[in-house]
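Numbering (my numbering), first residue to last: 17 to 91. Backbone N, C-alpha and C fix where the C-beta goes; we use that ideal spot for every residue, glycine too. This report concerns only the one structure given below.
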C-alpha cells in the first residue's frame, strides 16, 4: 500500500502507531495551538460540525495557561 511505502521511505516502517488518522489529529492540534481559529480548522479539515473538529484538536497545557493569564490581567 502507498501508506506502507511512505512509512518505509521516511524511516517509520516499524511504527504501528503511525496511521493516517493520527496525522489528522496532529494537523488539527498544531493549527489550533498555533492560533488558527477553530472554525478555520474545521473548514480546512472538511468537517461538517465543530464538534468533530474538537475531537481532533487537542489543546496544549500552555494554551490553558494563556486563558488564565488573560483572565488575571489587570490594568
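| said: Which of the three DSSP states is assigned to residue 24 in this structure? | reply: Reading the chain shown from its first residue, position 8 is the one you call residue 24. Here residue 24 sits in helix by DSSP.
| Candidates 70, 47, 79, 17, of which the one nearest residue 36 by Cα | The count along the chain shown starts at 1 and reaches residue 36 at position 20. Cα-wise, what sits closest to residue 36 is 17.
| request: Under 7 Å Cβ to Cβ from residue 40, same chain only, skipping five residues before and after it: list those, please. | output: Along the chain shown, read from residue 1 onward, the residue named residue 40 stands at position 24. Closer than 7 Å at the Cβ level, and outside the excluded window around residue 40, lie 61, 72.
| request: Within the region 62 to 88, note down every full beta strand (DSSP E) run reaching 3 residues or more, in order along the chain. | output: none
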